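*Asks:*
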Amino acid sequence: MCALCGVFSDGPHWTEAGTDAGRSTAAPSGRERHLERARRLALLNRVLGLYGCAADDWAGAHYMVQRRSGGATEMASDLPTLWAALESLTGQAPDPLDPALVARLEGGPAERGAL
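Encoded structure:
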């Protein structure tokens with residue numbers, strides 16, 4: 012998604028339910044909202060790092076996804092578009108529920124050859 016199109020999105024995606032982005036009236040403001048978003052980005056970057064990519068915050072509502080080696084940047088407004096951007100950048104379909112990925116994130120042994 013281009014940066015301008017991302018600005019016109021109509022609100023949080025259902026995948027952000029339970030987060031500050033998913034609560035329109037009860038959303039924390041200021042520092043607390045920023046810290047919650049930073050925690051989500053840190054977790055996302057642990058996953059994206061296994062694919063050689065990283066995400067950064069853009070305007071507190073969107074993600075910029077980029078290969079760590081440089082190159083193109085893709086904008087994502089929510090988790091589904093973030094996974095699509097990752098696939099576009101790497102050429103491989105990410106599976107955030109892959110058992111090898113989950114094991115690696117939890118610090119356990121991953122199957123040989125996986126990720």
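Add 11 to a position in the sequence shown, counting from 1, and you land on the number used in my numbering.
Even for Gly, the Cβ is constructed at its ideal location relative to N, Cα and C.
All values reported here derive from a predicted model rather than from experimental measurement.
Look up arginine 57 in the DSSP assignment and say whether it is helix, strand or coil.
*Replies:* Looking up residue 57 in the sequence shown gives position 46. It is helical.
*Asks:* Count the other CB atoms, across all protein chains shown, that sit within 10 Å of the CB of aspartate 67; report buried if there are 16 or more and exposed otherwise.
*Replies:* If you number the sequence shown from 1, residue 67 lands on position 56. Under this definition aspartate 67 is an exposed residue.
*Asks:* When the distance is taken between beta carbons, is leucine 100 closer than 7 Å to tyrosine 74?
*Replies:* Position 63 of the sequence shown, counting from 1, holds the residue named residue 74. Position 89 of the sequence shown, counting from 1, holds the residue named residue 100. For tyrosine 74 and leucine 100, no; Cβs fall outside 7 Å.
*Asks:* Give the DSSP-derived three-state secondary structure of glutamate 47 in the structure shown.
*Replies:* By one-based count along the sequence shown, residue 47 stands at place 36. Helix, per DSSP.
*Asks:* Does arginine 78 come out as helix, strand or coil in the three-state DSSP assignment?
*Replies:* Counting from one through the sequence shown, the residue named residue 78 turns up at place 67. It is a strand residue.
*Asks:* Run through DSSP, which three-state label would glutamate 98 get?
*Replies:* To locate residue 98, count along the sequence shown from 1; it is residue 87. Here glutamate 98 sits in helix by DSSP.
*Asks:* What does threonine 84 pair with, by DSSP beta-bridge criteria?
*Replies:* Indexing the sequence shown from 1 puts residue 84 at position 73. Bridge partners of threonine 84: Gln77.
*Asks:* Give a yes or no on whether the C-beta atoms belonging to valine 58 and proline 107 are separated by under 7 Å.
*Replies:* Position 47 of the sequence shown, counting from 1, holds the residue named residue 58. Position 96 of the sequence shown, counting from 1, holds the residue named residue 107. Contact flag set, yes.
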